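Enquirer: My questions will all concern the structure given below.
Numbering (this note's numbering), first residue to last: 74 to 619.
Now the structure itself:
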């Protein structure tokens, strides 16, 4: 809009390649980065490659791989070539991937070497090409073609910025698959909207840890930094705490995106145990002023462990636990909250670290509108509906589902419950479909009950469901920490882990109900031995447990 004459990748890629030519663009940790010039050359080479492989305008290419510079280049080259990208989450199984290949009618696949095994049951002969992401070599093609040289670069076929360019699947399960159709305009304008929330400066440093196949990281962790001349660095190994810690000290990022569960684990499994390990800090922590002093000290250490340069730590994907947010605020850690969905490319509302308000999201993004449908006259809460240039085109081959959520005048019904405060700040209360109706007709919001449960020091995650008319809390405790405690006990007083968990469940039951109103009381606590299955943004897949 006010940044570029045209909101298409064919227009902006040569522009940013020229403007930021020698700036670092993409890299692995501790490796030589690609400059913007080098990145653009690779995009042009892939464009010619796609053409020689017989791929035509609006053919679809599935992208299946872990985060790496070549993932980003593959995605950008698909956009530049007037093709359609079908990014797939790397943790989808073989069946889900096959379902998406069929439903999307993909003509080619770009796959990282480590995930090739997930295509073992795929009939390669049905595709124009199977390309290895790591080096762009051909795994399969009807004709043997080598990667062309930059001298063969040629202009791409023009594509309208409002046409379908990205097809995103939030699930690969048959019957649940909904391919979200996004245009180049949807994505680029949302990156610009994000830039109004938090200004990204040229030569800023992003460390990318969330999957690029999710629109959250794709739009805000790739396109947003690139349109500003910043660099994006990827881990070249699995993101274990040790690998991530080393990467943070090497990259020293200015900006990162994450989901609540990651920072909640840091607080509950690293910071709280350290506070509780000493009598003095444990005692001081029980007072307001003592807690704030301890949080400030711990916040300084955390900031240093993130490289000491962090200006923006974006949190989105689900609601942040209140106790963790209290620590971030009192620790003066530069966090900010964003809200959005795949269908909105994704950002709808958000704030920057200077603006954050406790347990609130922020104002509506520039060029966007949000309204509350059927607000409760007492609380003001109702369904969040959004409108703007970032709202999806619809669901692929599914007009019935599209018409349920997208009105003729462009309003998208999110299915989320929200409320505005007097200053126009949005707060998210949970998913409408998750609301549990109590015995006397009261609305119970499970996410709010779960946020109370998750304040317990031994709880990693929880899920509140209704069973036979009663509220039940399914709880996953920090088993590793409990095992360590038991091993430390003398053999004559050591208890079985099951006994400790049972005692914890009883303690937790009292802990929860002492903090809840009468109609939200939990009837029982069920111990969940294994972690809950989750989405790409680490939200629990509720439908598997209800």
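We put the beta carbon where it would ideally sit given N, CA and C, even for glycine.
Just so we're clear, the structure is a prediction, and the values are computed from it rather than from any experiment.
How would you label residue 588, buried or exposed, when you count the other beta carbons within 10 angstroms and need 16 or more for buried?
Expert: Working through the chain shown from its first residue, we reach residue 588 at position 515. It counts as exposed.
Enquirer: Checking the sheet assignment: what are the DSSP bridge partners for residue 501?
Expert: Within the chain shown, the letter at position 428 stands for residue 501. Residue 501 is bridged to 491.
Enquirer: Starting from the C-beta of residue 408, find all residues in its chain whose C-beta is less than 7 Å away, skip the five residues before and the five after it, and write them out in chain order.
Expert: What you label residue 408 is simply residue 335 of the chain shown in a count that begins at 1. Cβ within range, chain order: 386, 388, 401, 426, 429.
Enquirer: Taking the alpha helix (DSSP H) that residue 345 belongs to, which residues open and close that run?
Expert: Within the chain shown, the letter at position 272 stands for residue 345. From DSSP, the alpha helix (DSSP H) with residue 345 extends over 345-349.
Enquirer: Less than 8 Å separating the beta-carbons of residue 93 and residue 277?
Expert: Against the chain shown, residue 93 aligns to sequence position 20. Against the chain shown, residue 277 aligns to sequence position 204. Taking 8 Å as the Cβ cut-off, residue 93 and residue 277 do not qualify as a contacting pair.
Enquirer: Per DSSP, residue 516 forms a beta bridge with which residues?
Expert: For this step, residue 516 is matched to residue 443 along the chain shown. For residue 516, which the question treats as bridged, DSSP gives the partners 510.
Enquirer: Can the beta-carbon of residue 456 be found less than 8 Å from the beta-carbon of residue 505?
Expert: In the chain shown, the residue the question calls residue 456 occupies position 383. In the chain shown, the residue the question calls residue 505 occupies position 432. It is a contact, given that the beta carbons lie within the stated cut-off.
Enquirer: Measuring alpha carbon to alpha carbon, tell me which residue in 77, 503, 360, 230 is nearest residue 121.
Expert: Position 48 of the chain shown, counted from the start, is the residue given in the question as residue 121. Cα-wise, what sits closest to residue 121 is 230.
Enquirer: Within the chosen definition, does the segment 480-496 reach the segment 273-291 through at least 3 CB pairs nearer than 8 Å?
Expert: no
Enquirer: Count the other CB atoms within 10 Å of the CB of residue 215; is the residue buried (16 or more) or exposed (fewer)?
Expert: Residue mapping note: residue 215 aligns to position 142 of the chain shown, counting from 1. Counting Cβ neighbours within 10 Å, residue 215 comes out exposed, since fewer than 16 surround it.
Enquirer: My guess is that residue 162 and residue 312 are in contact by the Cβ rule of under 8 Å, so how many angstroms apart are they, rounded?
Expert: Taking the chain shown and counting its residues from 1, one reaches residue 162 at position 89. Taking the chain shown and counting its residues from 1, one reaches residue 312 at position 239. Contact flag wrong, Cβ pair sits at about 15 Å.
Enquirer: Rounding to the nearest angstrom, what Cα-Cα distance links residue 90 and residue 438 in this structure?
Expert: The residue given as residue 90 occupies position 17 in the chain shown. The residue given as residue 438 occupies position 365 in the chain shown. So the two alpha carbons sit approximately 27 Å from each other.
Enquirer: Would you mind sorting residue 104 into buried or exposed? The rule is 16 or more other CB atoms within 10 Å of its CB.
Expert: By 1-based counting over the chain shown, the position of residue 104 is 31. That one is exposed.
Enquirer: According to DSSP, is residue 662 helix, strand or coil?
Expert: Not covered by the structure: residue 662. The range shown for the chain is 74 to 619.
Enquirer: What distance in whole Å lies between the Cβ atoms of residue 581 and residue 532, which are believed to be in contact at a cut-off of 8 Å?
Expert: Your numbering for residue 532 matches position 459 in the chain shown. Your numbering for residue 581 matches position 508 in the chain shown. Sure, about 7 Å apart at Cβ, within 8 Å.
Enquirer: Kindly list the residues whose CB is nearer than 8 Å to the CB of residue 566, restricted to its own chain and excluding five residues on each side of it in sequence; keep chain order.
Expert: Indexing the chain shown from 1 puts residue 566 at position 493. Model confidence at residue 566 stands at a pLDDT of 43, short of 50, so the residue's coordinates are unreliable; what they give is reported in the following sentence. No residues qualify anywhere along the chain.
Enquirer: Could you check what DSSP says for residue 458 in three-state terms: helix, strand or coil?
Expert: Taking the first residue of the chain shown as position 1, residue 458 is located at position 385. If DSSP states are grouped into helix, strand and coil, residue 458 belongs with the strands.
Enquirer: Helix, strand or coil, according to DSSP, for residue 563 in the structure here?
Expert: What you label residue 563 is simply residue 490 of the chain shown in a count that begins at 1. Because the pLDDT at residue 563 is just 48, under 50, the model does not fix this residue reliably, and the point stays unresolved.
Enquirer: Would a C-beta distance cut-off of 8 Å place residue 528 and residue 390 closer than the cut-off?
Expert: Sequence index remark: in the chain shown, residue 528 carries index 455 (1-based). Sequence index remark: in the chain shown, residue 390 carries index 317 (1-based). No, they are not a contact pair.
Enquirer: Report the option in 185, 473, 616, 152 whose CA atom is closest to the CA atom of residue 234.
Expert: Here residue 234 is taken as the residue at index 161 of the chain shown, counted from 1. Per the Cα distances, 152.
Enquirer: So what does DSSP say about residue 412, is it helix, strand or coil?
Expert: Indexing the chain shown from 1 puts residue 412 at position 339. Looking at residue 412 - three-state DSSP - the assignment turns out to be strand.
Enquirer: Assign residue 361 to one of two classes, buried (16 or more other C-beta atoms within 10 Å of its C-beta) or exposed (fewer than that).
Expert: Looking up residue 361 in the chain shown gives position 288. An exposed status is given to residue 361, since fewer than 16 other beta-carbon atoms sit within 10 Å of its beta-carbon.
Enquirer: Kindly list the residues whose CB is nearer than 8 Å to the CB of residue 200, restricted to its own chain and excluding five residues on each side of it in sequence; keep chain order.
Expert: As a working note, residue 200 is residue 127 in the chain shown. Closer than 8 Å at the Cβ level, and outside the excluded window around residue 200, lie 179, 180, 181, 182, 213.
Enquirer: Flag this pair as touching only if the segment 595-604 and the segment 532-545 have three or more C-beta atom pairs under 8 Å; answer yes or no.
Expert: yes
Enquirer: Note down the Cα distance separating residue 475 from residue 549, rounded to an integer number of angstroms.
Expert: Numbered from 1 along the chain shown, position 402 holds the residue referred to as residue 475. Numbered from 1 along the chain shown, position 476 holds the residue referred to as residue 549. So the alpha carbons of these two residues sit roughly 36 Å apart.
Enquirer: Just the C-alpha distance for residue 546 and residue 337, rounded to the nearest angstrom, thanks.
Expert: Residue numbering aside, residue 546 sits at position 473 when the chain shown is read from its first letter. Residue numbering aside, residue 337 sits at position 264 when the chain shown is read from its first letter. The alpha-carbon of residue 546 is positioned some 19 Å away from that of residue 337.
Enquirer: Count the CB pairs spanning the segment 315-328 and the segment 370-380 that are closer than 8 Å, and state whether there are at least three.
Expert: yes
Enquirer: Are the segment 293-307 and the segment 135-146 touching, with three or more C-beta to C-beta distances below 8 Å?
Expert: yes
Enquirer: Any idea if residue 563 is buried or exposed, counting beta-carbon neighbours within 10 angstroms, 16 or more meaning buried?
Expert: On the chain shown, position 490 is the one that residue 563 refers to. Its pLDDT being 48, under 50, residue 563 is placed unreliably by the model, and nothing is read from it.
Enquirer: Output the distance between the C-alpha atoms of residue 413 and residue 538, rounded to the nearest integer angstrom.
Expert: Working through the chain shown from its first residue, we reach residue 413 at position 340. Working through the chain shown from its first residue, we reach residue 538 at position 465. Answer to the nearest angstrom: the Cα atoms are 25 Å apart.
Enquirer: So is the beta-carbon of residue 607 under 7 Å away from any non-hydrogen atom of the ligand SAH?
Expert: Looking at this structure, you won't find the ligand SAH or any other ligand, since it has none at all.
Enquirer: Short check: CB of residue 112 to CB of residue 255, under 8 Å?
Expert: What you label residue 112 is simply residue 39 of the chain shown in a count that begins at 1. What you label residue 255 is simply residue 182 of the chain shown in a count that begins at 1. No, they are not a contact pair.
Enquirer: So for residue 273, helix, strand or coil by DSSP?
Expert: For the purposes of this step, residue 273 is taken as residue 200 along the chain shown, with counting starting at 1. In the displayed model, residue 273 falls within coil according to three-state DSSP, outside both helix and strand.
Enquirer: Go through the segment 169-233 residue by residue and report every complete run of the beta strand (DSSP E) that reaches 3 residues or more, in order.
Expert: Restricted to the segment 169-233, the beta strand (DSSP E) segments that are unbroken, complete and at least 3 residues in length are 181-184, 202-205, 211-213, listed in chain order.
Enquirer: Mark residue 416 as exposed unless 16 or more other C-beta atoms lie within 10 angstroms of its C-beta, in which case mark it buried.
Expert: Position 343 of the chain shown holds residue 416. Under this definition residue 416 is a buried residue.
Enquirer: Measure the Cβ-Cβ separation of residue 443 and residue 421 and say whether it is below 8 Å.
Expert: Against the chain shown, residue 443 aligns to sequence position 370. Against the chain shown, residue 421 aligns to sequence position 348. Going by C-beta atoms, residue 443 is nearer than 8 Å to residue 421.
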